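Here the structure is laid out as structure tokens; the discussion comes afterwards.
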Amino acid sequence: MNTPHIKVNLVNRMVKGCHDFDGTRKEDLSFSKMERLTVISHTDDPNWVKARNGKGQEGLIPLDYVTVLQEVKLGSMGWFHGGISREEAEKLLTPREDGFFLVRESTNFPGDYTLCVCFQDKVEHYRVILDKYKKLTIDDEEDFDTLPSLIEHYEKDADGLCTKLKKFAPNVRFYEAEMKRAFRENNWTIEKCDLTLTDTILGKGEFGDVRLGEFKGQKVAVKTLNDKIFEPEP
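Pasting the structure below:
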């Protein structure tokens, strides 16, 4: 087990043991199969890195004995709402349909998460614990490498929850960001400085006016929205 590794930056990445490793040197960090560790620095030898385990112990580990866990960007998960409060979560979970859910960061246990699920017109809040091996669990029986894998499991079977997960409350901020990204990548947006609006109104509607404009030397019709549609409802 000494295949040269391509130099990839693994600092702060999570790895999982795929074999037991019993270190033979003072600077080695022993670990067991399935144990999770965090890479903290590279070494001159591309086959070894310095890592930290769940107990805070540090040492050298061989890359041939671990697998690098895939990074999960929770911000890209439509059901993840970040650091909202319990009260905000319950407001978002309306109507209270069985299986309607979202995930938020735990307010009482930093580093953990909370799965909020509607059942029988109430919202149940389940603590998702991140254990010392960096695995996620609700009941200390089933554990998961990532939040998405935990959610997928409970979408298939309630497995001790009040109900299985059926539909999530979407994170509007996530979808807004995704729309902006799509517009940028597909060149659907234009620079404001390239557009000139005139005072000529071509038409009027319930939500705004259509005005004559000029875009890169060409006359165009521009739909403008009234400010009042952005005002919150009483």
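Residue 202 in this note's numbering sits at position 33 of the sequence shown, with consecutive numbering throughout.
No residue lacks a Cβ here, since even glycine has one placed at the ideal position from N, Cα and C.
Since the model is a prediction, treat every value here as computed from it, not as a measurement.
Under 8 Å between C-beta atoms of residue i and residue j
i: R296; j: F278; result: yes
i: L284; j: I253; result: no
i: L218; j: G186; result: Before going further, note that residue 218 is Val rather than Leu in the sequence given. Not closer than 8 Å, so no.
i: L316; j: Y282; result: yes
i: V292; j: V237; result: no
i: Y323; j: R205; result: no
i: N216; j: D233; result: yes
i: F440; j: F270; result: The question about residue 440 has no answer here: the residues shown for the chain are numbered 170 through 403.
i: F249; j: V272; result: yes
i: L381; j: T367; result: yes
i: G251; j: E227; result: no
One or two residues paired with residue i in a DSSP bridge
i: Y282; result: E274 and V297
i: E256; result: Note: E256 sits in no beta bridge, so no partner.
i: Q387; result: F384
i: L206; result: V184
i: A220; result: V208 and G228
i: K336; result: F269
Of the residues the options, the one placed nearest residue i, counting alpha carbons only
i: G192; options: T276, G268, A220 and I320; result: A220
i: D214; options: A390, Q239 and L229; result: L229
i: G386; options: C362, V379 and F269; result: C362
i: G280; options: D267, I298 and C287; result: I298
i: T332; options: T263, E196, V180 and D267; result: D267
i: L364; options: G374, D378, V341 and E383; result: E383
i: R182; options: Q239, D290, L198 and E310; result: Q239
Contact belief for residue i with residue j at Cβ below 8 Å, rounded distance in angstroms
i: K392; j: V379; result: 6 Å
Original post:
Going along the chain, which unbroken runs of the beta strand (DSSP E) with 3 or more residues stay wholly within the region 289-315?
Top reply: Secondary structure within the region 289-315: the beta strand (DSSP E) runs of 3 or more consecutive residues, fully enclosed, are 291-299 (chain order).
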